[in-house]
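Visitor:
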Amino acid sequence: MNNKMTLVIKNFGPIKDLRIQLNRFVVLVGESGSGKSIIMRTASLIKFIYKKMYYKQLLKESGIKKDPFRFVLPTLLRVSELDDFWRDDSFVEFFIENKSVIKIENKKVSLNYDNLEKNMLVGKIAMINDLRHALPELLKLNRNLPFLIDEMAINFRKAVEEFDKFELSSLNLKLFKQGKGFLTEYILENQDYKVRLNHSSSGEKNVSVMEVICDYFAKRYDFNESIKNAVGEFISSNVGFKNLEKLSKYLSNNEVKTFLNLFIEEPESNLFPAQQKKVTSYLVSLLQDKNKPDIMISTHSPYILTSLNNLLFAGQLYTDKKVDKNKLKDIISQKYTLNLNNFNVYLIENGVLIDLIDKEIGLIRADKIDEISTQIADEFDALLSLKDFNEN
């Protein structure tokens, strides 16, 4: 989406006070327990409410008085797995172009419909959490799953249905389904062997679930499905079929825009560095696909950050008239490049955000990409100096 969107979070779990710009591609870095997942789930929750606000507005402007959508904060927090972190003084606010649209405080959700865009927005939000490597085993249990995992499972099944054989960009493997119902198996195949997905490596499971869901939503998802789902909720609320004509007429007479948000926890999970580089390029390439997703990832990997820096630098070089573009294409294709205007990297430390972009050179700060490697090298130099001293 092109509008400037900002999220403010205060006193929420380990987060003290932060303001984050929700750009086309956002990267969150920080130690375990620093609050990366809280930010991602809060952003996902806010976008869910934002989407439902448009559906509520759709019903109102279609002349339908009954409202089937309710925003009950305890329920919203529970299904988003945020209820353990919310406190009496917690605060969340969402802005579009510096205008407040959603505010959550004092156990209440406040909405400002006047600050929404005039055009109807149809949205889809997909959370691909760090438990995706366990999804193949969970699918075989045939039991009720927590909301976020269940939603990911539903998205995975839908995505696999769309592909005959899905070719993984980050691995030399193909994913496909065989069997039906309780006998359904998900299979990974390469030129030498086939293996059931639940018997594959954790890295293969991670990439398989992540890529098939991302590809489905970024390249094949039909946003009419979102409208149908909204209408389905509308019908199931006992509002009545007679108002469907009003709804259909409104949609046909008004412009409808779309948005897609992909939230991905630790895309590098269980992957070798070379595969992490491929995953990074793959995720960036999604920005140019049909449904133009906005992407937020959390990461602990210096390889992810270094790869992103190369894609940022390549993006700058493609705008430089002095650079030989043919040679540049041989290094990094333009479809994998990043534009700094659409990109943010934040370090979460001690409950606040630190912007990791060096504004002068337009790249991620080198001193923050892999601080521990510098510390390890300094430690080695110190040890080496002792050895040299003893030998002298």
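Under this note's numbering, the first residue of the sequence shown carries the number 7, and numbering increases by one thereafter. Ideal Cβ positions, reconstructed from N, Cα and C, are used throughout, including at glycine. Keep in mind that this is a model prediction, so the values were computed, not measured.
Give the secondary structure of Arg138 by DSSP, where H, G and I count as helix, E and B as strand, and everything else as coil.
Guide: Secondary structure at Arg138: helix, using DSSP grouped into helix, strand and coil.
Visitor: Measuring CA to CA, which of Leu144, Pro152, Tyr342 is closest to Leu88?
Guide: Pro152
Visitor: Note down the Cα distance separating Ile301 from Lys22, rounded to an integer number of angstroms.
Guide: 24 angstroms
Visitor: Within the same chain, show all residues whose beta-carbon is closer than 8 angstroms to that of Leu323, passing over the 5 residues directly before and after it, in chain order.
Guide: Excluding residues within five positions, the ones whose Cβ falls inside 8 angstroms are Val329, Leu334.
Visitor: In angstroms, rounded to a whole number, what distance separates the CA positions of Ser116 and Phe386?
Guide: 55 angstroms
Visitor: Should Ile45 and Ile108 be called a contact, given that it needs their Cβ atoms to be closer than 7 angstroms?
Guide: no
Visitor: Should Glu272 go down as buried or exposed, given a rule of 16 or more other Cβ atoms within 10 Å for buried?
Guide: Looking at its Cβ environment, which holds 16 or more other Cβ atoms inside 10 Å, Glu272 is buried.
Visitor: Tell whether a beta-carbon distance below 7 angstroms holds between Phe31 and Phe349.
Guide: yes
Visitor: CB-CB under 6 angstroms to Arg226, same chain, minus the five flanking residues each way: which ones, in chain order?
Guide: Taking Arg226 as the centre and dropping the five residues before and after it, the same chain places the C-beta of Glu168 closer than 6 angstroms to its C-beta, in chain order.
Visitor: Could you check how far apart the C-beta atoms of Gly368 and Thr264 are, in whole angstroms? I think they sit under 8 angstroms.
Guide: Not a contact, Cβ separation roughly 30 angstroms.
Visitor: Where Phe77 and Glu111 are concerned, what is the direct C-alpha to C-alpha distance, given to the nearest angstrom?
Guide: If you take the alpha carbons of Phe77 and Glu111, they lie about 13 angstroms apart.
Visitor: Can you name, in chain order, every residue of its own chain whose Cβ lies under 7 angstroms from the Cβ of Asn29, other than the five neighbours on each side?
Guide: Asn348, Phe349, Asn350
Visitor: Return helix, strand or coil for Gly321, following the three-state DSSP convention.
Guide: helix
Visitor: Would you call Pro299 buried or exposed, if buried means 16 or more other Cβ atoms sit within 10 Å of its Cβ?
Guide: buried
Visitor: Over what stretch of residues does the alpha helix (DSSP H) that includes Asn118 continue unbroken?
Guide: Asn118 -> no alpha helix (DSSP H), and no H or E assigned at all.
Visitor: Here's the rule: buried if 16 or more other CB atoms are within 10 angstroms of the residue's CB, otherwise exposed. What is Asn212?
Guide: buried
Visitor: CB Lys180 to CB Lys171, shorter than 7 angstroms?
Guide: yes
Visitor: Out of Gln294, Asp295, Leu289, Lys331, state which residue places its alpha-carbon closest to the alpha-carbon of Leu314.
Guide: Leu289
Visitor: May I ask you to list the residues that DSSP assigns as paired with Gly129?
Guide: Phe265
Visitor: Would the beta-carbon of Ile310 fall within 7 angstroms of that of Glu274?
Guide: yes
Visitor: Helix, strand or coil: which one does DSSP assign to Ser106?
Guide: Secondary structure of Ser106 (DSSP, three-state): strand.
Visitor: Give me the Cα-Cα distance between Ala159 and Ser206, rounded to the nearest whole angstrom.
Guide: 17 angstroms
Visitor: Quick check on Ser4: does DSSP put it in helix, strand or coil?
Guide: Given a span of 7 to 398 for the chain in the structure shown, any question on residue 4 remains unanswerable.
Visitor: Leaving aside the five residues before and after Glu191 along the sequence, list all residues of the same chain whose C-beta is less than 6 angstroms from its C-beta, in chain order.
Guide: Gln184, Gly185, Arg202
Visitor: Count the other CB atoms within 10 Å of the CB of Asn178; is the residue buried (16 or more) or exposed (fewer)?
Guide: exposed
Visitor: With Phe97 and Asn196 assumed to form a contact (beta carbons below 8 angstroms), what rounded beta-carbon distance in angstroms separates them?
Guide: 50 angstroms between Cβ atoms; not a contact.
Visitor: Determine the extent of the alpha helix (DSSP H) in which Lys225 is found, giving its start and end residues.
Guide: Neither: Lys225 is in no alpha helix (DSSP H) and is coded neither H nor E.
Visitor: Rounding to the nearest angstrom, what Cα-Cα distance links Thr12 and Lys200 in this structure?
Guide: 46 angstroms
Visitor: Between Ser214 and Pro279, what straight-line distance do the alpha-carbon atoms span, to the nearest angstrom?
Guide: 17 angstroms
Visitor: What residue range is occupied by the uninterrupted alpha helix (DSSP H) comprising Ile160?
Guide: Per DSSP, Ile160 belongs to the alpha helix (DSSP H) from 153–168.
Visitor: In this structure, does DSSP put Ile21 in helix, strand or coil?
Guide: strand
Visitor: For Leu318, collect the residues of the same chain with a Cβ closer than 6 angstroms to its Cβ; drop the 5 residues on either side in sequence, then sort them by chain order.
Guide: Result list for Leu318: Leu344, Leu369, in chain order.
Visitor: Apply the 10 Å Cβ neighbour rule to Lys365 and answer buried if 16 or more other Cβ atoms are within range, or exposed otherwise.
Guide: exposed
Visitor: Applying the criterion that 16 or more other CB atoms from any shown protein chain within 10 Å of the CB defines a buried residue, is Lys4 buried or exposed?
Guide: No information on residue 4 is available, as it lies outside the stretch 7 to 398 that the chain covers here.
Visitor: Rounded to whole angstroms, what's the CA-CA distance from Gly209 to Ser176? Just pull it up for me.
Guide: 10 angstroms
Visitor: Whole angstroms is fine: what's the gap from Ser86's alpha carbon to Arg47's?
Guide: Each residue's Cα considered, the two are about 6 angstroms apart.
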